[in-house]
Amino acid sequence: MAAVRLLNKRRLMNISERFSIAVLLLLLLLPIAIGAYTVEHADVEMRDEALMATTVYLPTATPPPWPVILQRTPYNRSFDDTVVSYITDAMGYALVSQNLRGTGGSGGLPRVFLSDGWGELQDGYDCIEWVVAQDFCDGNIGMFGVSAPGMTQYFAAGTGHPNLKCITPVLAGPSIYHHVAYQGGCFKKVLMETWLSGLDILFLADTFANFPLYGPFWEGVNLAERWDEASVPALHFAGWFDLFTDGQIEAFTELNARHGNQGLIIAPWGHSYPVGTNIQGDLTFPANSVWHEAELIYMWYNYWLKGDSLDGEYAQGVLYYLTGRLRHRRHHILE
Numbered sequence: 005m006a007a008v009r010l011l012n013k014r015r016l017m018n019i020s021e022r023f024s025i026a027v028l029l030l031l032l033l034l035p036i037a038i039g040a041y042t043v044e045h046a047d048v049e050m051r052d053e054a055l056m057a058t059t060v061y062l063p064t065a066t067p068p069p070w071p072v073i074l075q076r077t078p079y080n081r082s083f084d085d086t087v088v089s090y091i092t093d094a095m096g097y098a099l100v101s102q103n104l105r106g107t108g109g110s111g112g113l114p115r116v117f118l119s120d121g122w123g124e125l126q127d128g129y130d131c132i133e134w135v136v137a138q139d140f141c142d143g144n145i146g147m148f149g150v151s152a153p154g155m156t157q158y159f160a161a162g163t164g165h166p167n168l169k170c171i172t173p174v175l176a177g178p179s180i181y182h183h184v185a186y187q188g189g190c191f192k193k194v195l196m197e198t199w200l201s202g203l204d205i206l207f208l209a210d211t212f213a214n215f216p217l218y219g220p221f222w223e224g225v226n227l228a229e230r231w232d233e234a235s236v237p238a239l240h241f242a243g244w245f246d247l248f249t250d251g252q253i254e255a256f257t258e259l260n261a262r263h264g265n266q267g268l269i270i271a272p273w274g275h276s277y278p279v280g281t282n283i284q285g286d287l288t289f290p291a292n293s294v295w296h297e298a299e300l301i302y303m304w305y306n307y308w309l310k311g312d313s314l315d316g317e318y319a320q321g322v323l324y325y326l327t328g329r330l331r332h333r334r335h336h337i338l339e
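Going by this note's numbering, the first residue of the sequence shown is number 5, and it counts up by one from there.
Have a look at this one:
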């Protein structure tokens, strides 16, 4: 999703693609064989027998089993060839990408997150259960994604699945009611209708508008209802000009107080998320504002999924860009 003044389908649909660009920037430094991985497709059954369209990318450079990086998205679930090669053969992970219910070839009625939490339907939990049962998985699963695929991470964390070992939500809201559909009790009509229209599920805007008060309808997709259960280590990426910043700071604060093992990085980003540039909308920052978030994310994976060392920015817990003074600041929180 995007700020109202930037709304158009192209921006709304391509936030995750910008993360792929960040990975591509790293590839320039790595001697890897492009396209050496294998691809499998599966229809993964949920608890109500609905089938979710899923693509699996497996390394060829190392033998199975592998730790798995999982994305669940309402957008295009495919990746650039070089991105997959980096994640699989260069990094040594299996990569699983699944479309949410009713999108991208997945079965069931489109619900956009409402079946991804801890309610009657728990598609995120069921997806992880399927991945764990596959021979290619070593039992360690991390999730990634920007915007909507970031939100599915928060909701999967709230299910408390023991095999979900870490998440890295980027520019994502932990509550659909408070951060996506409503603001101060007012329905975000333009935002919701534009976004849902881009997914060809505009009818859901009326569904969301029919529940203007916070209550049981929304509780299954508000991580605040599950702070105690969401013990998974999380590296939260927020942007000072993003619409989800307050929610991500709250998620970091609440989860870190209860469980520890949380990191927070706040960059001078808006939701359009331009990668590898110091230009953010109408603002131009110094060169030191350019971040290498893909590298930080994979350091996080390697620590929680492979047991590698955790150093650099992670020794500091909170890392943020101080826009008024045009420099980075760190606060030590993680042990």
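Cβ atoms here follow ideal geometry from the backbone N, Cα and C, with glycine treated the same way.
Given residue i, which residues of its chain have a CB within under 6 Å of its CB, disregarding the five upstream and five downstream residues?
i    : result
A213 : F191
L29  : Reliability of the predicted coordinates at L29 is poor, the pLDDT of 47 falling under 50, and the value obtained from them is presented with this limitation in mind. For L29, where only same-chain residues beyond five positions count, the Cβ hits under 6 Å are G280.
A242 : T249, Q252, I270
N144 : P71, K169, L309
G106 : G112, L113, P114
P68  : F140
Answer with buried or exposed for residue i, where buried requires no fewer than 16 other C-beta atoms within 10 angstroms of its C-beta.
i    : result
I270 : buried
K193 : exposed
V236 : buried
S293 : buried
H296 : exposed
Q187 : exposed
Just to confirm the assignment, what range does the alpha helix (DSSP H) spanning residue i have?
i    : result
V136 : 127–137
P153 : 152–163
E301 : The sequence as given places Ile at residue 301; Glu does not occur at that position. 297–310 is the extent of the alpha helix (DSSP H) around I301.
T211 : 207–213
What three-state label does DSSP hand residue i in the structure shown?
i    : result
G143 : strand
S101 : strand
V87  : helix
L195 : helix
R115 : coil
L239 : strand
T107 : coil
N226 : strand
P272 : strand
I25  : A caution first: I25 carries a pLDDT of 49, below 50, which makes its placement in the model unreliable, though a value can still be read off. If DSSP states are grouped into helix, strand and coil, I25 belongs with the helices.
G202 : helix
Are the C-beta atoms of residue i and some chain B residue less than 8 Å apart?
i    : result
R262 : Looking at the structure shown, chain B is missing, and only one protein chain is on hand.
What are the boundary residues of the beta strand (DSSP E) that includes residue i?
i    : result
E44  : 42–49
Y181 : Element bounds for Y181: n/a, residue is neither H nor E.
H263 : Where H263 is concerned, there is no enclosing beta strand (DSSP E), although the alpha helix (DSSP H) it sits in stretches over 249–263.
M56  : 55–62
I believe residue i touches residue j by the beta-carbon criterion, under 8 Å. Please report the beta-carbon distance rounded to the nearest angstrom.
i    : j   : result
L118 : V48 : Rounded, the Cβ-Cβ distance is 18 Å, inconsistent with contact.
G109 : A57 : 4 Å
Leaving aside the five residues before and after residue i along the sequence, list all residues of the same chain whose C-beta is less than 7 Å from its C-beta, in chain order.
i    : result
V135 : V72, L74, V100, C141, I145
L32  : Residue placement at L32 cannot be trusted, given a pLDDT of 44 that sits under 50; what the coordinates show is reported in the next sentence. So the list is empty, once near-sequence residues are dropped.
What residues in its chain sit with their C-beta under 8 Å from that of residue i, if we drop five residues either side in the sequence?
i    : result
W231 : E258, L259, R262
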